[in-house]
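Inspection log for the structure reproduced underneath, given as structure tokens.
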Amino acid sequence: MELYDSHASRQLDRIYCQTKAPASLLMMRAASAVFEKLQGFDAGGKIWCLAGAGNNGGDAYGVAVLALLKQRAVSLIPCGIAIDPIHPVIAFSKELGLNIQSDLPDLKQVSPGDIIVDGLLGIGLNRPPEGDIKTAINWVNQARKNGAHVIAIDVPSGLNASSGLAPGAAITADITMMCLTQKQSCYTGSGPDYCGELYFDNLGCEAPETHVEPTSYLIRQSGLPTLKRAPSGHKGTHGNVLVLGGWNGMEGAGALAGLAALKTGAGKVYVCGPDFAKRPLELIGVEKSLAPFSQTACNMDAIVAGPGLGAEADAFLNVVWELDIPLVLDADGLHWLARTRPKPRSAPWIATPHPGEARALLGTFPEDRFAAIQDLKGRYGGQWVLKGAGTLTGPDPIYINPFANSALGTAGSGDVLAGVLGALLAQGCAAPERTAVWLHSKAASLLIEEGHARITAGDLIGQLGRAVEALS
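Okay, here's the thing in structure tokens:
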């Protein structure tokens, strides 16, 4: 599913207005989509439409007009720079006698069950909100705490439509109705915290003849490769994975990665690190000595390096970096990458940083996740899985995981993901990054559906077989 940043969305809006429908018609279609959705809240409460400048404000006027025509109690409150009064939608609203208030009402006038329509900024945010707009955002959030419902048009005001960053005050919506294009910011970064339930309406516009490239895509099950095995397959054809990890008291990390690789379908999994007495019986131990490790590594189909590894494995990491074998770098492997900046690698490799590890790699916190994943690729090469709310994979192209949930924020979850990636690489999966992210999230979703409010990394591993089956 195609997603767009603010620049691409504006390009498409201009093209549609020139070739498909006039701006005022698109505005009323957007208003109709929003009005239809807000009726899901309906308990007869008053509708408060907040309108900023630009098309987003015009959409809010349109919602107010539709509410008035349906004989609903409605008020419109212009905020910031006023829209051109001769605009058709604004002129029509005045002809109908729409109640337009010059100031925000006292919060005591907003009752629980009232509905607030956020048409303040839309995709127009380019700096932290200030002045009347900031005041309006804070007013909306307080009204919501008091029991009002909030529906945002395109993106909640205060959320950057391109980066997913909220640089200042931002509206927390119950519903966000994306119009014309799906906005990438709603799915990652701060977006999931502010958007509430997401809906989309293309306003009756199909793709224009003048194509505007999407800036990212959503991961969808239908777009993932099948993991169905050949009937004649056996452990020798399902790929061998070597996990370099689980050193110095962190044996669990290496074991989790190894078991996850097995559950994702790897034929055999070797682990260099855990004490043999502590190693799960399903995993094959490799002596933590450079010579036997190097000999084993040369015969692998994929290597996972870093989970629970510590800072004393540079010689081992140097070996795997030089091998012509697919590689996953996670955890301490990423710290090695940031510290050593090795020469470019010819064989495929994937790195899986969480935001803190990305900060170590970039020297700054990855607030703009889209810019960060591009920067990581530019500095180090490889392909990347930037973990966090709305995990990104890419950047060639960028995919966003819309299935993530906070249940994945548990110790060892990243080790499981690294093991899943290793297994997919060993099996020659055509899209390992986004397939691994989907499987990881699917395992968590299966647990949540069964009523598990809190899960462990071991729980995730237990559901990987069912997740893989969904793609088989």
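Counting in my numbering, the sequence shown runs from 883 upward without gaps. Note that beta-carbon positions come from the ideal geometry of N, C-alpha and C, so glycine has one too.
Can you give me the C-alpha to C-alpha distance between residue i and residue j, rounded to a whole angstrom?
i: A1308; j: T1146; result: 10 Å
i: H1236; j: A913; result: 39 Å
i: A1213; j: T1292; result: 15 Å
i: W1218; j: V1298; result: 20 Å
i: G995; j: P1162; result: 55 Å
i: P1208; j: I1282; result: 23 Å
i: I1005; j: I998; result: 18 Å
i: W1320; j: M883; result: 15 Å
i: A1112; j: T1119; result: 10 Å
i: R1348; j: H1093; result: 39 Å
i: G1260; j: P1224; result: 14 Å
i: E1079; j: A1148; result: 37 Å
i: D1257; j: G1001; result: 33 Å
i: L1243; j: I1255; result: 11 Å
i: P1284; j: Q893; result: 25 Å
i: F974; j: I982; result: 13 Å
i: L1216; j: W1203; result: 12 Å
i: L1172; j: P1011; result: 56 Å
Quick one: measure Cβ to Cβ for residue i and residue j, integer angstroms, because I've assumed they're closer than 8 Å.
i: V1123; j: V1151; result: 5 Å
i: S1104; j: D887; result: Going by Cβ atoms, the distance from S1104 to D887 rounds to 24 Å, so no, they are not a contact pair.
i: I823; j: V916; result: This structure cannot settle anything about residue 823, because the visible part of the chain is limited to 883 through 1354.
i: I1185; j: A1193; result: The pair is not a contact, with the Cβ atoms about 19 Å apart (cut-off 8 Å).
i: T1054; j: L1353; result: Their Cβ separation, rounded to whole angstroms, is 35 Å, which puts T1054 and L1353 out of contact at 8 Å.
i: W1266; j: P1277; result: 7 Å
i: Y1099; j: L885; result: 6 Å
Taking the continuous alpha helix (DSSP H) assigned at residue i, which residues delimit it?
i: S993; result: No alpha helix (DSSP H) contains S993, which DSSP labels as neither H nor E.
i: N1287; result: Segment: none, N1287 is in no alpha helix (DSSP H) and carries neither H nor E.
i: A1187; result: Taken as a continuous stretch (DSSP letters only), A1187 belongs to no alpha helix (DSSP H), being part of the beta strand (DSSP E) at 1184–1187.
i: E851; result: Look at the range of the chain in this structure, 883 to 1354, and you will see that residue 851 is not part of it.
i: G1136; result: 1133–1145
i: W1266; result: Per DSSP, W1266 belongs to no alpha helix (DSSP H); it is in the beta strand (DSSP E), 1265–1268.
i: Y1262; result: 1251–1262
i: I982; result: Note, I982: premise wrong, no alpha helix (DSSP H); not H, not E.
i: G1347; result: 1339–1352
i: V1319; result: 1314–1331
i: G1215; result: 1214–1222
i: E1088; result: Where E1088 is concerned, there is no enclosing alpha helix (DSSP H), given that its DSSP letter is neither H nor E.
Nearest to residue i by CA position, among the options, is which residue?
i: G1238; options: W1231, P1230, F1247; result: F1247
i: H1322; options: A1289, G1333, A1335; result: A1289
i: E1331; options: L1244, Q1345, W1320, I1185; result: Q1345
i: A1233; options: N1200, N1084, G1188; result: G1188
i: M909; options: K919, C961, I972, E1249; result: I972
i: I963; options: E977, L932, V992; result: L932
i: L1165; options: L1003, V1153, A1173, V1302; result: V1153
i: K976; options: G940, G926, L1002; result: G940
i: S1355; options: A1030, A1052, P1277, I959; result: The structure shown does not extend to residue 1355, since the chain is modelled only from 883 through 1354, so no value can be given for it.
i: K1027; options: Q1064, E1133, S1176, D1056; result: D1056
i: V1201; options: G1127, S1176, S891; result: S1176
i: F1252; options: A1195, Q1066, E1351; result: Q1066
i: L1287; options: R1241, S1327, V945, L907; result: According to the sequence shown, residue 1287 is Asn rather than Leu. Minimum Cα distance to N1287 is reached at S1327.
i: G1190; options: L1205, L1144, A1139, T1222; result: A1139
i: F1198; options: R1227, G1073, G1155; result: G1155
i: T1275; options: D1250, P1314, G1294, S1295; result: P1314
i: N1084; options: M1060, A1048, V1125; result: M1060
i: K1117; options: T1058, D1183, A1137; result: D1183
i: E1133; options: L1306, G1294, G1333, S891; result: G1294
i: G1310; options: A1339, G1263, W1231; result: W1231
i: R1227; options: A1240, A1195, Y1262; result: Y1262
i: L1047; options: A1025, L1007, G1264, G1340; result: L1007
Kindly indicate the opening and closing residues of the beta strand (DSSP E) around residue i.
i: A1233; result: 1231–1233
i: L1209; result: 1209–1211
i: Y1099; result: 1098–1100
i: C1154; result: 1150–1154
i: L1299; result: Note, L1299: premise wrong, no beta strand (DSSP E); alpha helix (DSSP H) at 1295–1308.
i: T1275; result: 1274–1276
i: V1201; result: V1201 -> not in any beta strand (DSSP E); alpha helix (DSSP H) instead, spanning 1196–1204.
i: V1125; result: 1122–1126
i: I1166; result: 1166–1168
Check whether the Cβ of residue i lies closer than 7 Å to any heavy atom of the ligand MN, and answer yes or no.
i: R896; result: Because no ligand of any kind appears in the structure shown, any question about the ligand MN cannot be addressed here.
Please specify which runs of the beta strand (DSSP E), each continuous and at least 3 residues long, are wholly inside the region 904–969, giving them in chain order. Fully enclosed beta strand (DSSP E) runs of 3 or longer: 929–933, 956–960.
Ordered list of beta strand (DSSP E) runs contained in the region 1007–1058, each at least 3 residues: Taking only runs of at least 3 residues, the beta strand (DSSP E) segments lying wholly in the region 1007–1058 are 1031–1035.
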